[in-house]
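Trainee: The structure that follows is given in the form of structure tokens.
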Amino acid sequence: MNMKISATKEAETHLLEAAKEFQKCMQCGKCRSVCPVFREMGNELYVARGKNKLAEKLVSGDIEITDKVEHAINECLNCKTCSANCPAGVSPEHVVLRLRWYITTQKGLHFFKALIFRQLLWRKWPITLGCAIVGLAQKMLFGIGPKNPVRHLFPLFGFAKRRNFPRLAIRSAQSQLPELNTSKTATTKMRVGYFTGCAGNLIYTNVARSVVDVLTGYGYEVVIPKKQKCNGTPVLANGDYEGARRLMEHNFELFRQYDLDAIVVACSSCGMALKKEIKLFIDDSPELTEFTGKVFDINEFIEHNLDIKAEHLGQIPYTVTYHDPCHMVRGQGIKEQPRKLLKMIPGVDYKEMNNADSCCGSAGSYCITHYETAIKINNHKIKDIQEVQADTVATGCPTCVMHIADNLAQHHSRENVRFVVEILADSLRAAKTI
Amino acid sequence: MEKSVVDELVAIFAKENVLTDNEDMIAYSYDAAHIEIKPEAVVFATTTEQVSHLMKLAYRENIPVTPRGQGSGLSGGSIPLKQGIVLAMDRMNKVIDFDPDNRLITVETGMTTSDIDPIAATSNLFYPPDPGSVAFSTIGGNIAENAGGLRGLKYGVTKDYVQMMKVVLPQGEIVTLGSKCVKHVAGFNTETLFVGSEGLLGVITEVTLSLLPIPEHRESALAIFDSLDSAAQTVSDIIAAGVTPSTMEFMDNETINAIQNFKDCGLPREAQAVLLIETDGVKDSARAEMVKVEEVVKKNQAKDFSIAKTAADRDNLFAGRRVALNALASVKPNLILEDATVMRSKLPEMVRGIIEIADRHQVKVGIFGHAGDGNLHPTFLLDMKDADEKERTDKAVKELFQLAIDLEGTISGEHGIGLEKKPFLMDQIGSAGITLLQDIKKTLDPKNLLNPGKMFDMPDKVSA
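Taken in sequence, the protein lines are chains A and B. If you read the first sequence in my numbering, its first letter stands for residue 2, the second for the next number, and so on. If you read the second sequence in my numbering, its first letter stands for residue -12, the second for the next number, and so on.
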């Protein structure tokens, strides 16, 4: 969408796009049987059908944007369980996103959100620095356990008090790793761009290292453009259409300068944003189609391209289960690839948990703003994890890792939560393949 | 709603179970029918006693009460026509007793129907009625509408499985009707009165259902026909051959094409009809039945016939049927799903009649449904924003009802009358029939406060 379009026009567009979706709703009520939020709230207002109806009333002018309307619209995980199960083919999460964007055109963006999305994420360095300071404090003061006084800092930023935090990176992945990581084999198969995502850069740096080690070890050149910024998911999910558009456009222009054969991501939401959601923000063009066609989740990319032989892999003696991140399984249709990778590792005893593809409740910033509901949703996941008696939960989304690990700790449960690519890299390292 | 009444509701149900905000009223103003009316309050019951207290309060203060399950009904049964209070039952969803020895399960009626099967399956039992909404409608709603499903021909409908129930009558008395015994003739057969009562006579809060053993084996097949008549003749011949299929699903050419446009399920676009047939029971008998089915199908010049050999095969055969409604929904912005039903011998006449009506009014209709029990789902496809198309469709629907009546059928096989079909009930049961319903209603609910204005109007205009 063109930046110069007036705010009124933008508001109209959002309502029109929402209407295209909610008009398809047959009101059958099937979403009530699958929505994780409704399961906890038990009020029709919070299920997809209720939100579609609210949208209809907003468009018809029968209702104003009240606090309760906003509250209902914000009670959505964007987990896509409703749209995956909808007999009428409605995507209620897009109704929700359009309404959030519409509400911002009417009420403006909260100054705190504007500060984060338009300033800090855009400038990037304050966040990198902030994480380094916190990371250092976490390290100096008794690790990240319950005794660490640093944990009392987090509630000041709106995080729940009892929440357990991961260790933040003192040195970000993007500063640890060079921009150009050459192939470690004689020939170079492809030149691959790596979109680290904020979490891969600032929290789970071992994931970034694993991605680079695995790909370079198998003959790929990995480029990590240092000027990459947030993909826009938390921004678009919090009602800031323009902020998200600016970030999407930036990354789109940036990665195109590097002459890449493919772009890999190790974060489910980054992948979905770069493959799909970007199309809501940038006008369709052959360049955009070419760009989105080059984006691959790391699991998908490895499973499809890398010729990993049994003798390349070392023993990893874990009982592993896999949790499907929403934006991977429903957002990108990636289900079998990570499981295949896990099952081929010698020593791994793979056990499928019940409801592996049900949302864990983290949903990015939802578990900051709606922590109590997010934990209630996650409790079902913990039950499924405990039942399967694995010692490692593998997944492919940083906020899933964060949220599941937090709640496992609250349940005094000892399972490790890790990315599939980390486990794979460990196995390849154990056999000295990489 | 007056504050004193709301306070009393809070005293009965607790604060978190009483809603009065405008936004919440919007959320409880509709179900799967096309009518919207906002209530003044919504309450969530968790015990039978609360429901009883509510009805006493309603009777004292003259407030209409409309019971509601998951709001998935297609006839508007849970819409609060006279406003007042919506009584949401979906939080009363516990299992009270599972008794495999007597093949019975007793549950609260807010339970989702498909939640019964995993429990029953632990003792190799199942609950046969499986309406399309089985995964998201409540058993209470199924009882109130006497829901059917795919297996009606062999296994009957909801009424065949209700043994005993606890009901709160409109004035608040709590009664237990029926018995857990197979044979029971003490008093009138009152429990059946409440099956299909659409929430007009009482609020069913607990029910004891009978269960059946899970059939040992299932055979599934797909038959494709070039003509409607040979498909219809096949249905009659299968029954005449002494076979009782557990499922015999029909889809017409319009539906087949909608499916193929939606997703390639391997159905030939020129086919005039397909039948999906299942037999079940002891392995040898299910197979023997399917052999007979095959003979009949071949005799009727089916274009193609395939029997599933594996579970994956069966999934493939049923792929089209599973997405039929989705596919039809994607043709136009809206659809009207009807459930007019005839005896199976009248199926060809019914199908041809529906197509003729649709052609005459220039509206699109896809027909699929349960051929074995004559329960078709003519699905009209339209854009409700197109006033002209809406009017033509309404006329076609009206004629469809008359056609069903003329063929000695019924205007509703499993969705109920509610608001959607209220204007047509008189044509089916006549004025004496309506008077009887009114008299029964008056006896139990003299003030006409429980789900008023549904199914029929009361004579004194109290309900108008």
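Glycine residues also receive a C-beta, built at the ideal position from the N, C-alpha and C atoms.
#1: Is the Cβ-Cβ distance between residue 326/B and residue 399/B less than 7 Å?
#2: Please name the residue, chosen from 221/B, 414/B, 288/B and 209/B, that lies closest to residue 303/B on a Cα-to-Cα basis.
#3: For residue -10/B, count neighbouring C-beta atoms within 10 Å of its own C-beta (all shown protein chains included) and say buried if the count is 16 or more, exposed if not.
#4: By the three-class DSSP mapping on this structure, what secondary structure does residue 133/B have?
#5: Shorter than 7 Å from the beta carbon of residue 108/B to some beta carbon of chain A?
#6: Checking contacts by CB at 7 Å: is residue 368/A closer than that to chain B?
#7: Round the Cβ separation of residue 224/A and residue 195/A to the nearest angstrom and send it over; I've been treating them as touching at under 8 Å.
#8: Evaluate residue 452/B with the Cβ neighbour count: other Cβ atoms within 10 Å of its Cβ, from every protein chain shown; 16 or more gives buried, anything less gives exposed.
#9: What does residue 77/A touch in chain B if you count any residue whose Cβ is under 8 Å from its own?
#10: Just checking: is the beta-carbon of residue 88/A within a distance shorter than 7 Å of some beta-carbon in chain B?
#11: Roughly how many angstroms separate the alpha carbons of residue 372/A and residue 97/B, rounded to a whole number?
#12: With a cut-off of 7 Å, does the C-beta of residue 315/B fall near any C-beta of chain A?
#13: Should residue 104/B be flagged as near chain A, meaning a C-beta pair shorter than 7 Å?
#14: How long is the line joining the alpha carbons of residue 22/B and residue 338/B, rounded to whole angstroms?
#15: Hey, out of 347/A, 41/A, 363/A and 408/A, whose CA is closest to residue 315/A's CA?
#16: What separation, rounded to the nearest whole angstrom, lies between the Cα atoms of residue 169/A and residue 335/A?
#17: Of all Cβ atoms in chain B, is any one closer than 7 Å to the Cβ of residue 269/A?
#18: At the level of alpha carbons, what is the spacing between residue 209/A and residue 129/A?
#19: Tell me, to the nearest whole angstrom, how far the beta carbon of residue 365/B is from that of residue 387/B; I am working on the premise that it is less than 8 Å.
#20: Report all residues from its chain with a CB closer than 6 Å to the CB of residue 244/B; omit the five preceding and five following residues, and keep chain order.
#21: Residue 46/A versus chain B: which residues are under 7 Å apart at the beta carbon?
#22: Taking the alpha-carbon positions, what's the residue 60/A to residue 95/A distance?
#23: Given 8 Å as the limit, is there contact between the stretch 213 to 231 of chain A and the stretch 67 to 76 of chain A, that is, 3 or more CB pairs closer than that?
#24: Look up residue 193/B in the DSSP assignment and say whether it is helix, strand or coil.
#25: Tell me the DSSP secondary structure of residue 354/B in three-state form.
#26: Give the secondary structure of residue 365/B by DSSP, where H, G and I count as helix, E and B as strand, and everything else as coil.
#27: Put residue 18/B into one of helix, strand or coil per three-state DSSP.
#28: Rounded to a whole number of angstroms, what is the C-alpha to C-alpha distance between residue 405/B and residue 118/A?
#29: List, from N- to C-terminal side, the beta strand (DSSP E) runs of 3 residues or more that fit wholly inside the stretch 125 to 174 of chain B.
#30: If the cut is a Cβ gap below 8 Å, which residues of chain A does residue 17/B touch?
#31: Please state if the CB of residue 193/A and the CB of residue 267/A are separated by a distance shorter than 7 Å.
#32: Of the choices 288/B, 329/B, 287/B and 266/B, whose alpha-carbon is the least far from that of residue 278/B?
#33: For residue 307/B and residue 363/B, which I take to be in contact (beta-carbon distance under 8 Å), what is that distance rounded to the nearest angstrom?
#34: Mind reading off the beta-carbon distance from residue 349/B to residue 379/B? Whole number of angstroms is fine, and I expect it under 8 Å.
#35: For residue 433/A, tell me which candidate among 198/A, 185/A and 274/A has the shortest Cα-Cα distance.
#36: Go to residue 414/B, then tell me how far its alpha helix (DSSP H) extends in each direction, as first and last residue.
Mentor: On the basis of the supplied data:
#1: yes
#2: 209/B
#3: exposed
#4: coil
#5: no
#6: no
#7: 7 Å
#8: Because chain B is modelled from -12 through 451, residue 452/B falls outside the range shown and cannot be assessed.
#9: Ordered by position in chain B, no residue passes the 8 Å Cβ test against residue 77/A, which lies about 14 Å from the chain.
#10: yes
#11: 29 Å
#12: no
#13: no
#14: 28 Å
#15: 347/A
#16: 28 Å
#17: no
#18: 16 Å
#19: 6 Å
#20: 256
#21: 10, 11 and 14
#22: 15 Å
#23: no
#24: strand
#25: strand
#26: strand
#27: coil
#28: 51 Å
#29: 149 to 155 and 161 to 165
#30: 28 and 54
#31: no
#32: 266/B
#33: About 17 Å; that fails the 8 Å criterion.
#34: 6 Å
#35: 185/A
#36: 412 to 431
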